[in-house]
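Report on one structure; see the data block that follows.
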């Protein structure tokens, strides 16, 4: 398997972007409920890139240490999903989630737990929605909080071979008065990416048929 | 959900006119809507798939407002989307219908009239309590014009290297352009976190977007900062210009601006700054270097004004001439120039003052101790001043003098050698003849003695002529200048000249009428003329034309300077031939003694040098105009003399030998016994009483005595402290009116006096014939 086999066509990329858009919309709805503020989402773009390139993208954008909520998923396509924040943002996120009444000590004490829960809401909302759209089901592991730089975080799990690629989603969460932003990276091996590509193709066909049929 | 669509008011506005004009009206409306960028609204009921549009929507789709208000199907919704965009939009709409929240797409519409328009569709999904999508509503805005402008802007940004950004206060990200990312060395993105943007900036410099700054709306700010590009690690200078605007949507502030690379400008600026900072020190350094040269040079440097005064001088003046630089200030430039060089210096100064650079001008300056030193000057005028640099060439001049001296000595050596040779030849003839005489006399053979006597006399005569020529060359011959009409002199020699040159040479004499007279020794001039004519003849072995020409000429300053004679009126005597001519190198050496082009034995090489010496001694000059195979013209220029022609220019004819009267006594003072003896014998033969004295003091004793003396004959050069002149003076003091005849080997003009001799004093130059002596003595005593 070579990367060219799993290269996405423009149409596939558009479709995948819409799938992610649906998932992120769901996640944003959930996040909005948690944070109680308007959440702005930049329209995400999607790339399939190597681990190294992904690490470089994050390293370029975030000079400080990062914190990630990690969840492995398995099903029609398998891999590891990472919601990545700059370390300095995690505190803000936790404060936003806990509300303005929480003291600094409370925020500090609950940081990891709150991060894990927030990550779970976002990743679950995103991945589950995507799987649903693709008429598949995914099994998600429990969220796990890890810290490190982009390279360490994006290190592929042992199950994924070294040639593994990253479905890299640029998702900038901009929450008014809260300096929060993040990225979602989905680390998948090549067979999973091929499976995903096939599923996306089916999704495209479905959308074309169904929507035209609908009320047509 | 169609009942929720905001179409009712629009419908109310547009009544349904049945006329044919309706289409035109609608078309106009549609065009107006498009042009004004007004929004066309839709509402999509997800459950039924019915899409309700307002009148603007209807106009875009070419529907009646009623049709649009009644609802259309998705097929119609997608029908006017450009085929290239249709799939993308259908996918996006599909996403919306399946739970995506926000819709924001740009795409092209193909209107019923086939015109193409860009629209921006913005939509949002509405969800029910179970988070299930129910409605998808939105607006279409015609952005054709905006697209065009955006395209222009994109091109402008790319071409101009200008990146744009827009930041809404309170957000953590900013919207940026592709060029913005490219300028900062970031991966292209539409939105970038502020941290990402600001992280490239050097910590010492202001941030690109600083959230801490919260200025008033309408404030424009700009800043420059260094960035380190994450992709290449390169450091660049970037300039940011931005303006804070009141955001219409959020009521917050928007910071909109551009960035562009100013690295080159900054580098230039930096270089300029460094240049300016170091300029002073570099000027100082340069000045110091110049100063050092000024101070340490051994050459004289001086700044002078055209007012004629020294203004500034370097220390070399002290070293070289003993003047401290201060001493020269205010001194006139010519004050220490050697007086002999002043005319030349004045001439050069005049050129310099006309703005000309003068180089290698050799002038002597007087040192403080009075000695003169030679300097070679280069002077450069600048405004009302000039700079002069002088190199001491005294040593060089000395060497040149030494060289000249050694050349002179070489010439003297040549002269002496040649002279000795000629003299030896003549002496051989004389001694040989005397030996033969002696032998014949001893043998008692008295016949044919005349032959030997004649031979000895001939050799002696030639020897006398030789020394005469030598003296002429050394300009020590005794000239007897007389006011002379050269035309007459030529006329008297014409026969002689014609005989001398022979029949093959045609002699032409061109006499200038009214020729000026000149003061010259006519005998020597005759010699010179004859010599020139013979040279001319020799140059024309196959015959030719000989032209003797006289002329009045006026030497101007330049010509006179060239010929090394004073300017003024001259009489010139030229002898021209049509012979072989002379090459330049021959002309150059023509006046050298013993230089001859004639075969060995045919010439002594003294002819021209003698003429040269004679001309120079007479205050004139000789010059040669000749080219190989084009003949030669030799001219003698003699200064004009205002005076009556001396009629007795013709050589004195032999006068009858006159016997002395009784008791007439002559005192002969000469250190050479032979000469004394000969003179005494001649005197006694003539009947005079002769008294001999070997030196001045012995002569003086006779003069002091009461002995009768009618004539004193004395050598000029005498041993024993008194010379002939002193003896004569003493004698004339004791015996006023005493006649004196100086006999001398050469004209010791300084001794005898350079002017005309007093009455009663005459000179005879050795060697002389006894006959000449007899004539002279008789003449002098007879005049009494």
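Protein chains in written order, with the working numbering: chain U, 1 to 216; chain H, 1001 to 1784. We put the beta carbon where it would ideally sit given N, CA and C, even for glycine. It should be emphasised that the depicted structure is a prediction, and the values quoted were computed from it without experimental measurement.
Between the Cα of residue i and the Cα atoms of the options, which residue gives the shortest distance?
i: residue 1488 (chain H); options: H:1765, H:1437, H:1742 and H:1548; result: H:1548
i: residue 1578 (chain H); options: H:1620, H:1609, H:1569 and H:1545; result: H:1545
i: residue 1331 (chain H); options: H:1403, H:1305, H:1341 and H:1181; result: H:1305
i: residue 10 (chain U); options: H:1641, H:1060, H:1084 and H:1066; result: H:1084
i: residue 48 (chain U); options: U:184, U:85 and U:207; result: U:184
i: residue 1686 (chain H); options: H:1782, H:1616 and H:1619; result: H:1782
i: residue 1047 (chain H); options: H:1608, H:1096, H:1056 and H:1081; result: H:1096
i: residue 1101 (chain H); options: U:147, U:19 and U:128; result: U:19
i: residue 1241 (chain H); options: H:1607, H:1222, H:1039 and H:1508; result: H:1222
With 8 Å set as the bound, which would you pick, yes or no: does the beta-carbon of residue i sit closer than that to a beta-carbon of chain U?
i: residue 1131 (chain H); result: yes
i: residue 1233 (chain H); result: no
i: residue 1183 (chain H); result: no
i: residue 1144 (chain H); result: no
i: residue 1087 (chain H); result: yes
i: residue 1229 (chain H); result: no
i: residue 1187 (chain H); result: yes
i: residue 1099 (chain H); result: yes
i: residue 1195 (chain H); result: yes
Determine, using beta carbons only, whether residue i and residue j come nearer to each other than 8 Å.
i: residue 1219 (chain H); j: residue 1260 (chain H); result: no
i: residue 1191 (chain H); j: residue 1164 (chain H); result: no
i: residue 1532 (chain H); j: residue 1634 (chain H); result: yes
i: residue 169 (chain U); j: residue 80 (chain U); result: no
i: residue 1118 (chain H); j: residue 1147 (chain H); result: yes
i: residue 1069 (chain H); j: residue 1052 (chain H); result: yes
i: residue 1682 (chain H); j: residue 1773 (chain H); result: yes
i: residue 1091 (chain H); j: residue 204 (chain U); result: yes
i: residue 1769 (chain H); j: residue 1707 (chain H); result: no
i: residue 1580 (chain H); j: residue 1539 (chain H); result: yes
i: residue 1138 (chain H); j: residue 1154 (chain H); result: no
Give me, in chain order, the residues of the same chain whose beta-carbon lies closer than 6 Å to that of residue i; leave out the 5 immediate sequence neighbours on both sides.
i: residue 196 (chain U); result: 77
i: residue 1126 (chain H); result: 1134 and 1135
i: residue 55 (chain U); result: 150, 151 and 154
i: residue 1648 (chain H); result: Low confidence applies to residue 1648 (chain H): its pLDDT is 44, below 50, so where it sits in the model is not reliable enough to give any reading.
i: residue 1625 (chain H); result: 1633
For a cutoff of 8 Å on Cβ pairs, would you count residue i as touching chain H?
i: residue 84 (chain U); result: no
i: residue 130 (chain U); result: no
i: residue 14 (chain U); result: yes
i: residue 140 (chain U); result: no
i: residue 22 (chain U); result: yes
i: residue 207 (chain U); result: yes
i: residue 26 (chain U); result: yes
i: residue 215 (chain U); result: Residue placement at residue 215 (chain U) is flagged as unreliable, the pLDDT there being 37, under the threshold of 50; a coordinate-derived value is accordingly withheld.
i: residue 121 (chain U); result: no
i: residue 188 (chain U); result: no
i: residue 49 (chain U); result: no
So, for residue i: in the same chain, excluding its five sequence neighbours on each side, which residues have a beta-carbon less than 7 Å away from its beta-carbon?
i: residue 1112 (chain H); result: 1062
i: residue 1737 (chain H); result: 1760
i: residue 125 (chain U); result: 23, 26, 27 and 30
i: residue 1528 (chain H); result: 1611, 1614 and 1636
i: residue 1566 (chain H); result: 1560
i: residue 1166 (chain H); result: 1174, 1175, 1254 and 1256
i: residue 1308 (chain H); result: 1332 and 1333
i: residue 1049 (chain H); result: 1073 and 1074
i: residue 111 (chain U); result: 90, 91 and 94
i: residue 1110 (chain H); result: 1080, 1082 and 1116
Handout entry: Contact between the region 1433-1450 of chain H and the region 1729-1737 of chain H (3+ Cβ pairs under 8 Å)
Key = These segments do not touch.
Practice task
Spell out a yes or no on whether the region 1373-1386 of chain H and the region 1344-1363 of chain H are touching, meaning 3 or more CB-CB pairs, one atom from each, closer than 8 Å.
Solution key: Between the region 1373-1386 of chain H and the region 1344-1363 of chain H there are three or more inter-stretch CB-CB distances shorter than 8 Å, so the stretches are counted as touching.
Problem - Given 8 Å, three or more beta-carbon pairs between the region 1333-1340 of chain H and the region 1357-1371 of chain H - result: Yes, they touch.
Handout entry: Segment contact flag, the region 134-142 of chain U with the region 71-91 of chain U, C-beta cutoff 8 Å, min 3 pairs
Key = Output reads yes: the region 71-91 of chain U touches the region 134-142 of chain U.
Exercise for the section: Could you say if the region 1219-1239 of chain H and the region 1179-1188 of chain H meet the contact criterion of at least three C-beta pairs nearer than 8 Å? Expected result: In short, these stretches touch, since the Cβ pair count reaches three.
Handout entry: Interface residues of the region 1092-1121 of chain H facing chain B [CB-CB below 7 Å]
Key = The structure shown contains no chain B; its protein chains are U and H.
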